[in-house]
Amino acid sequence: MTDISYLPGPGGGSGPDSYDECLAPDGAVRPGWEALVDSLGELTGGDLKRLESDVSRLLEDDGVTYTPTRSPLLVWPGELGGAEEQPLMDPLPWELDPVPLVVDGREWHQLELGLAQRAELLNRILVDLYGEQRLLSEGMVPAIAIFGHEEYLRPMVGTDLAPSAHQLFMTGTDLGRAADGEWQVLSDRTQAPSGAGYAMQNRRVVSRVLPELYHEANLFRLTPFFHTMRMGLVDAAPSQVEDPRVVVLSPGAHSETAFDQAFLASLLGFPLVEGSDLIVREGRVWLQSVGRNEPVDVILRRVDAGWTDPLELRQGSRLGVSGLTDCVRRGTVSVVNSLGSGVLENPALLPYLPDLCTELLGEELRIASVPTLWCGHEQSRREVLDNLDSLVIRSINRTDGRSIVGAMLPPEQRAELVAQIEAQPHRFVGQELLPLSTAPALVDGGTPQERIAPREVVLRSFTIRQAQSYVPMLGGLAQVMPAERDETTVVPDQRTTKDVWVVSQTGAPDTTVHLSEGTMAHPGLKPGEAMVPRVLDDLFWFGRYAERAEQLLRLVLAVRGVAVEQDFRVRPGGDLDILLRAVTHLSASYPGFVNDTPDPTAELRAMLLDSHRRGTVARSLGALSYAAQGVRDQLSADVWMVLAGIDRALTGLRAARLDRGNQLADSGERVLSALLALSGITAENMVRDSGWYLLDAGRGVERALQISSLLRHTLVPHGTPEAEEHVIEATLEAAESIVTFRRRYAGAARQADVLELLVLDASNPRSVAFQIRRITQALHAVPGSATSRPLRLADELAERLAEEGTGELFGHATTAATRSALDDWLLGIHDQLEQLADAISEQYLKPPPTPRSISFDSIGGD
284 MTDISYLPGP
294 GGGSGPDSYD
304 ECLAPDGAVR
314 PGWEALVDSL
324 GELTGGDLKR
334 LESDVSRLLE
344 DDGVTYTPTR
354 SPLLVWPGEL
364 GGAEEQPLMD
374 PLPWELDPVP
384 LVVDGREWHQ
394 LELGLAQRAE
404 LLNRILVDLY
414 GEQRLLSEGM
424 VPAIAIFGHE
434 EYLRPMVGTD
444 LAPSAHQLFM
454 TGTDLGRAAD
464 GEWQVLSDRT
474 QAPSGAGYAM
484 QNRRVVSRVL
494 PELYHEANLF
504 RLTPFFHTMR
514 MGLVDAAPSQ
524 VEDPRVVVLS
534 PGAHSETAFD
544 QAFLASLLGF
554 PLVEGSDLIV
564 REGRVWLQSV
574 GRNEPVDVIL
584 RRVDAGWTDP
594 LELRQGSRLG
604 VSGLTDCVRR
614 GTVSVVNSLG
624 SGVLENPALL
634 PYLPDLCTEL
644 LGEELRIASV
654 PTLWCGHEQS
664 RREVLDNLDS
674 LVIRSINRTD
684 GRSIVGAMLP
694 PEQRAELVAQ
704 IEAQPHRFVG
714 QELLPLSTAP
724 ALVDGGTPQE
734 RIAPREVVLR
744 SFTIRQAQSY
754 VPMLGGLAQV
764 MPAERDETTV
774 VPDQRTTKDV
784 WVVSQTGAPD
794 TTVHLSEGTM
804 AHPGLKPGEA
814 MVPRVLDDLF
824 WFGRYAERAE
834 QLLRLVLAVR
844 GVAVEQDFRV
854 RPGGDLDILL
864 RAVTHLSASY
874 PGFVNDTPDP
884 TAELRAMLLD
894 SHRRGTVARS
904 LGALSYAAQG
914 VRDQLSADVW
924 MVLAGIDRAL
934 TGLRAARLDR
944 GNQLADSGER
954 VLSALLALSG
964 ITAENMVRDS
974 GWYLLDAGRG
984 VERALQISSL
994 LRHTLVPHGT
1004 PEAEEHVIEA
1014 TLEAAESIVT
1024 FRRRYAGAAR
1034 QADVLELLVL
1044 DASNPRSVAF
1054 QIRRITQALH
1064 AVPGSATSRP
1074 LRLADELAER
1084 LAEEGTGELF
1094 GHATTAATRS
1104 ALDDWLLGIH
1114 DQLEQLADAI
1124 SEQYLKPPPT
1134 PRSISFDSIG
1144 GD
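Numbering (the numbering used here), first residue to last: 284 to 1145.
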């Protein structure tokens, strides 16, 4: 059994300088933790392993990831979401400790009062800094600390801006608990706070792996917070708008917290857009759609403000919308958090907040910040330099460098830091190093008793503006500090997180959503159709990559079956030789089998597993996953479960020994089953809007291309009659038409019959003719397609197939001339299909070029 009564030790534990969240100094369990401690105490080593495995599997099934940056800053996820110049790494799995962080409801009540007060105070400061600037003129805030901050956006200054232009809609607050048990604010997140979606995802996973405990723990739920957020976004619309359209602006699928953004958009029911999806016309922001543009009234911004407008803010940015700031000034769109709100993250403000709270709110500040000294003040600078070894040094700008502990710097770096502080003191602050509190966490290795160990934690809380006040989330996102980390680092670059449970001691808490007066005046919110070109492009290619992976996988499995029957011996000109070369040509993964391959096993595995080679199943699935990331808010959660199953199947094949056993076939069939499930999910679960029709058109285009290419490289090559018969059977099996063929055609298999079934038969769902009809029907359902070029090309191809037969091309005789004619005929069909695919891209999928600012540099001036 697990023993929760851990002793203090390396990497954590309650000692005289830290606070234990779970245990009091006398060893008693703190309020709210009793049920969790009892449950953890009953878990065996096997239970802990299953718990850990279940958490990983559920996160993988939901496709929960984050993409770290190679930034010198060590920050929470998402803090560099808009920085285009930050090189990105591959997405990493989200890490969740199944042991939640528990906070007693009575204690949380005092904390949430302080969080709401802090959000209101920051909002007042924001309004003044961009408006009257009384705090600056009267010296309550040092002007150089504000004007020297990178997030103070001068184009947004002015009292004549629209009322909603300076509104702090959402805050994130990073909290640590001091040794005396008092919470202290480590930093404020007001730029584009990330993590609320991750917090909800953590809650969903923990509720599934600890179901009994979850339902018996009297937890405050998170759902009301997101209802409040949704209604708050509606209320943030310009006053003249009756039925507002809200969008979530994302940097894109490469963003560090792309999952968080897409999950939040899906949870709220608002479309996830990128800068290229929006355009400014006549002083308004519009969502670019096929057939028409739709007005946008509220933008929930997840792009750093400086990158949102290449005309007035950061030139050359491709993440924003040219002219957005002008629309904000006109009051035709509300951007939340407002442009310029990132200045409130400035740590130089922390020493002044107590006095500002008294001045602006007439109240004492409820939650103290970690003691901070701004070096722009001479006395504070001397104190920082005199106590450098005991302080954390931070730049006021996030992009200037990491937060470091002065005592851990080598002498030469210490001297360099001192010189920087002396040269530009206003850019630095010194903070006391807070000994973080510890909480039970599931750690690697050891006995069951050793697997539950104390680890330091940081809590991120969230607040949302509701009417004229702020509502905190009853929970949050906790981050677990590793037992060993770089001692110069305050917040390590590790994302092991915890769910945060706020536990009521008075029975089941009220989970009613309390809406402000007038909130229900917007009952008919329209989330918007997935009609922007970027979304349509991702869905079109989602369909194409899914079909491409499926077709190649079917062929590989069929070829492997032939190889097994022939004991993997390849004879030049034989059926296996023809089929292996067809695999190469279909995938375009050269050199492949065009060179003599005595043992094809390794190459067949590579066709499934090698994501670095063009055309492989793994390459197509990787592109499919990337396209899905761009439209996560459009897809069912089941899609991610299927993609996770595919990844596990391929991972199992990679781990298997390279032999001629059934591992390749077993794994391939599992992947094929998952792809069929994916097809069923998109067919049954997606709304029939333009996005779905373009996805279906993508499937049709790719299937027709794959079939025409497959037939070229299996029916045209010459072989013995017996070999060609085997090739035909494998081709029909790869095209999922072998049963129909045997039922319809008696006697020996003939090439003409195969062509009839797989090219000309419009009733066969696997034929080229069927796909043309499918594409035509899909395009007719997309607005503005009645006389479009893609439809004209599809009609021409349908007419050609209806008029032509195969008798003249491939009758009973198969001469060199008829093979050449067949090759030309199939190549012509393939070329027409390529033209059709290109026309669809030109017509529906390519957004207009991003507007750019005009400067002397761009026109060759001095």
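Each residue gets a CB set at the ideal place from its N, CA and C atoms; glycine is no exception.
{"query": "Might you give, ordered along the chain, the residues of its own chain that have their beta carbon closer than 7 Å to the beta carbon of Asp820, omitting 5 neighbours on each side?", "result": "Leu1128"}
{"query": "Quick one: residues in its chain with C-beta nearer than 8 Å to the C-beta of Gln1115, no 5 flanking neighbours on either side, listed in chain order?", "result": "Leu1076, Glu1079, Leu1080 and Arg1083"}
{"query": "For Asp1121, tell me which candidate among Arg995, Gly981, Ala1052 and Glu1039 has the shortest Cα-Cα distance.", "result": "Gly981"}
{"query": "Spell out the partners DSSP gives Tyr753 in its beta bridges.", "result": "Arg748"}
{"query": "Rounded C-beta distance between Leu396 and Asp471? I'm assuming under 8 Å.", "result": "The pair is not a contact, with the Cβ atoms about 17 Å apart (cut-off 8 Å)."}
{"query": "Under a Cβ-count criterion, where at least 16 other Cβ atoms within 10 Å of its own Cβ denotes burial, should Glu595 be classed as buried or exposed?", "result": "buried"}
{"query": "Just to confirm, is the Cβ distance from Leu892 to Arg937 under 8 Å?", "result": "yes"}
{"query": "Name the two residues that bound the continuous alpha helix (DSSP H) containing Asn968.", "result": "Gln946 to Asn968"}
{"query": "Using the Cβ count rule (16 or more neighbours within 10 Å means buried), how would you classify Met764?", "result": "buried"}
{"query": "Express the C-alpha separation of Tyr635 and Leu648 in angstroms, rounding to a whole number.", "result": "11 Å"}
{"query": "Kindly provide the ranges of any alpha helix (DSSP H) runs that are 4 or more residues long and lie completely inside the stretch 658-742, ordered along the chain.", "result": "661-669, 694-706 and 731-734"}
{"query": "Around the C-beta of Val984, are 16 or more other C-beta atoms found within 10 angstroms, so that it is buried, or is it exposed?", "result": "buried"}
{"query": "What are the partner residues of Trp466, as DSSP defines its beta bridges?", "result": "Arg460"}
{"query": "Which word fits Arg460, buried or exposed, when buried means at least 16 other C-beta atoms lie within 10 angstroms of its C-beta?", "result": "buried"}
{"query": "Going along the chain, which residues of its own chain have a beta-carbon closer than 6 Å to the beta-carbon of Arg748, five neighbours each way excluded?", "result": "Phe452 and Gly515"}
{"query": "What's the gap between the Cα of Asn485 and the Cα of Pro855?", "result": "57 Å"}
{"query": "Leu1158 and Gly480: beta carbons closer than 8 Å?", "result": "Only positions 284 to 1145 of the chain appear in this structure, which leaves residue 1158 out of reach."}
{"query": "Please classify His449 as buried or exposed, where buried requires at least 16 neighbouring CB atoms within 10 angstroms.", "result": "buried"}
{"query": "What is the C-beta distance between Ala910 and Trp975, in whole angstroms, given that I count them as a contact (C-beta under 8 Å)?", "result": "About 14 Å separates the two Cβ atoms, so there is no contact after all."}
{"query": "For Asn620, is the classification buried or exposed, using 16 other Cβ atoms within 10 angstroms of its Cβ as the cut-off for buried?", "result": "buried"}
{"query": "Flag Gly614 as yes when its Cβ comes closer than 7 Å to any non-hydrogen atom of the ligand NAP, and as no otherwise.", "result": "Among the ligands in the structure shown, none appear at all, so the ligand NAP cannot be discussed."}
{"query": "Just checking my contact of Leu1051 with Thr1014 at CB under 8 Å: how many whole Å lie between their CB atoms?", "result": "Per the sequence shown, the amino acid found at residue 1051 is Val instead of Leu. Contact doesn't hold; Cβ gap of about 14 Å is too wide."}
{"query": "Return the first residue and the last residue of the beta strand (DSSP E) that Thr1003 is part of.", "result": "Here Thr1003 belongs to no beta strand (DSSP E), and DSSP marks it neither H nor E."}
{"query": "Where does His895 land, buried or exposed, given buried means 16+ other C-beta within 10 angstroms?", "result": "exposed"}
{"query": "Per DSSP, Pro376 is paired with what?", "result": "Thr348"}
{"query": "Is the shortest distance between the beta-carbon of Gly1002 and the beta-carbons of chain C less than 8 Å?", "result": "Any reference to chain C falls outside this structure, which holds one protein chain only."}
{"query": "Whose C-beta lies closer than 7 Å to the C-beta of Leu264 among residues of the same chain, with five residues either side of it excluded?", "result": "No answer is possible for residue 264: the residues shown for the chain start at 284 and end at 1145."}
{"query": "Classify Asn406 as helix, strand or coil using the three-state DSSP reduction.", "result": "helix"}
{"query": "Within 10 Å of its beta-carbon, does Val616 have 16 or more other beta-carbons around it, so buried, or fewer, so exposed?", "result": "buried"}
{"query": "Report the rounded CA-to-CA distance for Ala706 versus His432, giving the unit in angstroms.", "result": "16 Å"}
{"query": "Have a look at Leu988 and Ile1112 and give me their C-alpha separation to the nearest angstrom.", "result": "9 Å"}
{"query": "From which residue to which residue does the alpha helix (DSSP H) around Gln1060 run?", "result": "Val1051 to His1063"}
{"query": "For Gln467, which residues from the same chain have a beta carbon less than 8 Å from its beta carbon, with the 5 sequence-adjacent residues on both sides left out?", "result": "Leu458, Gly459, Arg460, Ala461, Ile650, Ala651, Ser652, Val653 and Leu717"}
{"query": "Can you check which of these residues, His1009, Glu343, Glu335 and Trp784, is closest to Trp316 by C-alpha distance?", "result": "Trp784"}
{"query": "When the Cα atoms are used, what is the spatial distance from Met439 to Val815?", "result": "29 Å"}
{"query": "Rounded to the nearest angstrom, what separates Pro376 and Glu539 at their Cα positions?", "result": "12 Å"}
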